[in-house]
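A.B. asks: Chains as they are written, first to last, in the numbering used here: chain A, 2 to 309; chain B, 2 to 223; chain C, 2 to 115.
Virtual Cβ for every residue (Gly too), placed ideally from N, Cα, C.
None of these values were measured; they are calculated from a predicted model.
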């Protein structure tokens with residue numbers, strides 16, 4: 002056991018894991034964090050707390066993680082390389098683990114040109130691969146990146162993201178393998194809509210034996226409407242929404258599209274359970290936290306297992 | 002070479018506002034090659050400034066000169082007899098020019114007439130692109146001759162991020178994803194396996210992050 | 002053909018409109034001239050392939066400079082005409098002259114004749 006987090010225990014015990022996601026507010030509204038968290042309590046192993054996602058300023062993810070812990074949920078601290086150098090990343094990791102965080106997700110981070118402060122300077126001292134390696138070193142060797150001894154090493158379950166749909170496709174599994182070589186324990190993928198392509202990706206990963214070295218959680222984001230599906234297909238780089246899904250959503254009445262989106266998500270999760278190498282799902286019901294339960298329950302994943 | 006871009010005319014006019022004798026000073030180095038600060042551009046800028054000042058009824062004098070280079074004291078020295086005659090020198094060399102001029106002629110007001118933008122090369126006539134970030138530790142040979150530090154928007158060293166789509170960077174469809182190019186090039190060269198290496202954290206001490214850099218060649222130093 | 006065009010248009014002959022330099026065009030305005038136009042061959046008919054296209058781009062550049070100087074960009078123009086089109090030459094000359102008349106004199110003082 003590396004961190005002893007709930008997520009790690011459930012995965013280690015061989016259960017099909019479920020994680021959720023929560024975006025901190027654009028302000029210091031504690032109640033908002035608690036409100037969103039209340040919908041996720043008891044239905045997921047851990048909740049990803051995004052780190053200024055899409056480069057839009059939000060409440061610090063470390064602080065939001067602490068609020069979740071106090072609410073009795075297990076957070077998964079997302080950390081991006083965009084805003085902090087190696088000094089700040091190590092320091093924040095120590096701080097977050099001191100407050101009780103046991104899972105982290107290492108990300109490069111969306112470029113700030115997308116965000117609400119595009120004039121800012123970025124950092125990118127490390128890339129996500131190097132962030133993984135640095136955390137593993139801190140945990141396993143109990144030293145800083147500079148080899149100096151830590152006064153208290155962080156026990157963390159190290160995660161990273163993977164986008165099977167970004168280009169070049171041929172390199173995607175290689176990149177996954179690199180993250181494993183760097184020391185990652187679990188992977189959460191980008192939202193998956195193109196199941197055929199995802200199967201192809203997983204086949205490549207399984208052929209390389211990668212599924213035996215890492216827990217891979219498939220990303221699921223319910224489509225709220227045909228408009229959202231079209232937007233994601235067109236404007237989100239590295240997102241693959243097949244035409245047939247858009248057709249299926251357009252085929253139902255506007256008022257029924259949300260329900261249809263949830264139905265699609267449930268079907269996807271059921272398919273995921275059967276795919277070799279998929280250890281769980283990461284349900285990203287963005288600004289739709291209150292519908293997460295419907296999806297997870299609908300997929301027959303409740304109640305969540307309790308592992309000691 | 003060092004690439005530059007002209008500053009807005011309004012900005013330059015504001016710099017020289019109320020200054021009678023002005024020298025527009027070009028450089029025959031990089032900025033001549035990238036058509037922003039050579040003899041020809043000196044002529045265009047000086048003429049434009051003269052038109053503006055004549056129109057405003059305060060013509061003064063706007064003179065023109067171009068030095069061999071503005072990044073070598075020996076050429077800066079050529080102005081020794083005349084620098085004091087000017088109320089303003091507008092240097093259209095890279096950022097080194099106005100600084101060397103200010104250091105050598107502390108009593109003369111020196112203004113930058115261009116913005117220094119990046120180290121790059123010409124893709125075609127009239128189009129330049131960034132190629133180097135002068136990180137101080139060149140590794141391009143490991144990446145098929147393409148620099149991920151300067152050309153990846155996030156300076157990633159271990160492969161394309163999740164925002165790479167159809168060969169383009171997530172920041173703009175006008176920007177190539179250099180990692181896409183690296184992966185393709187290395188595959189074509191039969192070197193794809195080399196990209197499996199996990200690159201450790203980069204030492205940025207050799208870069209600007211280590212503080213302003215000075216290079217000394219003992220064998221050449223007087 | 003005895004075609005009339007305004008006598009205060011000074012014609013400067015060049016081997017090709019592509020020979021026109023941004024600096025030539027700007028110098029005219031520096032000397033206080035009220036307007037300048039470049040008469041090049043028809044597009045696609047340049048003896049040097051792209052001379053007239055380059056001339057147009059230089060004219061466009063100077064238009065922007067004039068604008069930033071607070072001068073009307075209409076004071077400079079690019080026209081294309083074939084050398085066999087005498088009437089067109091005269092028509093353009095009259096047209097441009099008319100345009101400048103309407104714009105009035107350049108606010109840049111005229112240079113003293115040497």
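Compile a chain-ordered list of the residues in the region 158-174 of chain B whose CB is closer than 7 Å to at least one CB of chain A.
C.D. replies: Listed by position along the chain: 158, 159, 160, 161, 162, 163, 164, 165, 166, 167, 168, 171 and 172.
A.B. asks: For residue 48/A, count neighbouring Cβ atoms within 10 angstroms of its own Cβ and tell me buried if that reaches 16, exposed if not.
C.D. replies: With 16 or more other Cβ atoms within 10 Å, it is buried.
A.B. asks: Please say whether residue 19/A and residue 247/A have beta carbons closer to each other than 8 Å?
C.D. replies: Their beta carbons are not under 8 Å apart, which means residue 247/A does not touch residue 19/A by this criterion.
A.B. asks: Is the distance from the Cβ of residue 179/A to the Cβ of residue 191/B below 8 Å?
C.D. replies: In this structure, residue 191/B does not lie closer than 8 Å to residue 179/A by Cβ.
A.B. asks: Residue ranges of each beta strand (DSSP E) run of no fewer than 3 residues wholly in the region 69-125 of chain A, ordered along the chain?
C.D. replies: Runs found: 76-81 and 104-108.
A.B. asks: Using the Cβ count rule (16 or more neighbours within 10 Å means buried), how would you classify residue 45/B?
C.D. replies: Flag for residue 45/B reads buried.
A.B. asks: Between which two residues does the alpha helix (DSSP H) holding residue 38/A run?
C.D. replies: Element bounds for residue 38/A: 31-41.
A.B. asks: Here's the rule: buried if 16 or more other CB atoms are within 10 angstroms of the residue's CB, otherwise exposed. What is residue 54/A?
C.D. replies: Looking at its Cβ environment, which holds 16 or more other Cβ atoms inside 10 Å, residue 54/A is buried.
A.B. asks: How would you write the range of the beta strand (DSSP E) that residue 14/C sits in, first residue to last?
C.D. replies: Counting along the chain, residue 14/C falls outside any beta strand (DSSP E), and DSSP gives it neither H nor E.
A.B. asks: Let me know the secondary structure DSSP gives residue 115/C once reduced to three states.
C.D. replies: With a pLDDT of 45 at residue 115/C, under the threshold of 50, the modelled position of this residue cannot be trusted, and the question is left open.
A.B. asks: The alpha helix (DSSP H) spanning residue 25/C covers which residue range?
C.D. replies: 23-31 is the span of the alpha helix (DSSP H), which, as asked, contains residue 25/C.
A.B. asks: Residues in its own chain within less than 8 Å of residue 115/C by CB, not counting five upstream and five downstream?
C.D. replies: For residue 115/C, the pLDDT reaches just 45, beneath the cut-off of 50, and the residue's location in the model is therefore unreliable, leaving the point undetermined.
A.B. asks: Counting pairs of Cβ atoms below 8 Å between the region 283-301 of chain A and the region 216-226 of chain A, do you hit three or more?
C.D. replies: Because the criterion of three Cβ pairs below 8 Å is met, the region 283-301 of chain A and the region 216-226 of chain A touch.
A.B. asks: Considering Cα atoms alone, identify which of 17/C, 72/C and 92/C is closest to residue 36/C.
C.D. replies: Per the Cα distances, 72/C.
A.B. asks: Can you tell me the Cα-Cα spacing of residue 79/A and residue 135/A, whole angstroms?
C.D. replies: Spanning the two alpha carbons is a distance of roughly 15 Å.
A.B. asks: Residue 14/C: buried (16+ other C-beta within 10 angstroms of its C-beta) or exposed?
C.D. replies: Under this definition residue 14/C is an exposed residue.
A.B. asks: When you compare each of 8/A, 279/A, 190/A and 144/A to residue 207/A by their alpha carbons, which one comes out closest?
C.D. replies: Of the candidates 8/A, 279/A, 190/A and 144/A, the one whose C-alpha sits nearest the C-alpha of residue 207/A is 279/A.
A.B. asks: Who are the Cβ neighbours of residue 210/B in its own chain at under 7 Å, not counting the five residues just before and after it?
C.D. replies: Same-chain partners within the cutoff: there are none.
A.B. asks: Relative to chain B, which residues along the region 30-54 of chain C have a C-beta separation below 7 Å, given in chain order?
C.D. replies: Those would be 30 and 31, in chain order.
A.B. asks: Please confirm whether residue 18/B has its beta-carbon closer than 8 Å to some beta-carbon of chain A.
C.D. replies: With 8 Å as the cut-off, residue 18/B does not count as an interface residue toward chain A.
A.B. asks: Compute the distance between the beta-carbons of residue 18/C and residue 45/C, then report whether it is under 8 Å.
C.D. replies: For residue 18/C and residue 45/C, no; Cβs fall outside 8 Å.
A.B. asks: Check whether the Cβ of residue 110/C lies closer than 8 Å to any Cβ atom in chain B.
C.D. replies: Output row for residue 110/C: interface = yes.
A.B. asks: Mapping DSSP to helix, strand and coil, what is residue 214/B?
C.D. replies: Residue 214/B falls in the coil class under three-state DSSP.
A.B. asks: So, using beta-carbon positions, are residue 26/C and residue 77/C closer together than 8 Å?
C.D. replies: Contact flag set, yes.
A.B. asks: Decide yes or no for the touch test of the region 4-16 of chain B against the region 108-117 of chain B: beta carbon pairs closer than 8 Å, at least 3 of them.
C.D. replies: With a cut-off of 8 Å, the region 108-117 of chain B and the region 4-16 of chain B count as touching, because enough Cβ pairs lie within range.
A.B. asks: Starting from the C-beta of residue 144/A, find all residues in its chain whose C-beta is less than 7 Å away, skip the five residues before and the five after it, and write them out in chain order.
C.D. replies: Excluding positions up to five away in sequence, the list reads 138, 150 and 151.
A.B. asks: By a C-beta neighbour count over all protein chains shown, 10 Å radius and 16 as the cutoff for buried, is residue 167/B buried or exposed?
C.D. replies: Under this definition residue 167/B is an exposed residue.
A.B. asks: Helix, strand or coil: which one does DSSP assign to residue 283/A?
C.D. replies: Three-state result, residue 283/A: strand.
A.B. asks: Check this for me: beta carbons of residue 30/A and residue 160/A, under 8 Å apart or not?
C.D. replies: Contact: no.
A.B. asks: Using three-state DSSP, classify residue 147/A as helix, strand or coil.
C.D. replies: Three-state DSSP puts residue 147/A in coil, outside helix and strand.
A.B. asks: Is residue 89/C close to chain B? Criterion is C-beta to C-beta, closer than 8 Å.
C.D. replies: By this cut-off, residue 89/C is not an interface position.
A.B. asks: Between residue 51/A and residue 72/A, which are expected to be in contact by the criterion C-beta below 8 Å, what is the C-beta distance as a whole number of angstroms?
C.D. replies: Between residue 72/A and residue 51/A the Cβ distance is about 17 Å, and since that is not below 8 Å, they are no contact.
A.B. asks: Candidates 135/B, 80/B and 196/B: which alpha carbon is nearest residue 205/B's?
C.D. replies: Minimum Cα distance to residue 205/B is reached at 135/B.
A.B. asks: Between the Cα of residue 182/B and those of 214/B, 92/B, 147/B and 171/B, spot the shortest distance and give me the residue it belongs to.
C.D. replies: Considering only alpha carbons, the answer is 147/B.
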